[in-house]
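Residue numbers (this note's numbering): 2 to 116.
All residues carry an ideal CB built from backbone N, CA and C; glycine is no exception.
See below:
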């Protein structure tokens, strides 16, 4: 499990222990979620960073790429790794399916188009 999967797992445990307990196989679920998050960060990073300016020095480039990675991770963390919310409370929550949460990637696709 990568760092994104671990972050999501810890967030779910803390924010929604009832929902977390309903996941049939947390290791597989959060491993897949983490892999999808990594793929999304890798895809967003170059789009956010943009092309290298001609007169950009090494330190400026490092700063720009670090800022782009932080922004990409924040977008993915918000859209993919946060526990789902229900309006009626946790008691009505149905066992999670990774596909339901990955469908939120449509929102990230919209954000990419705007970049």
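Can you check whether the CB of residue j is closer than 8 Å to the CB of residue i?
{"i": "residue 36", "j": "residue 81", "result": "no"}
{"i": "residue 62", "j": "residue 53", "result": "yes"}
{"i": "residue 71", "j": "residue 39", "result": "no"}
Taking the alpha carbon of residue i as the reference point, which residue from the options has its own alpha carbon closest?
{"i": "residue 10", "options": "74, 64, 31 and 57", "result": "31"}
Once DSSP output is grouped into helix, strand and coil, what is the label at residue i?
{"i": "residue 62", "result": "helix"}
{"i": "residue 71", "result": "helix"}
{"i": "residue 23", "result": "coil"}
{"i": "residue 11", "result": "helix"}
I need the straight-line Cα distance from residue i to residue j, nearest angstrom please.
{"i": "residue 66", "j": "residue 75", "result": "14 Å"}
{"i": "residue 12", "j": "residue 22", "result": "13 Å"}
{"i": "residue 34", "j": "residue 68", "result": "23 Å"}
First and last residue of the alpha helix (DSSP H) that includes residue i?
{"i": "residue 40", "result": "27 to 50"}
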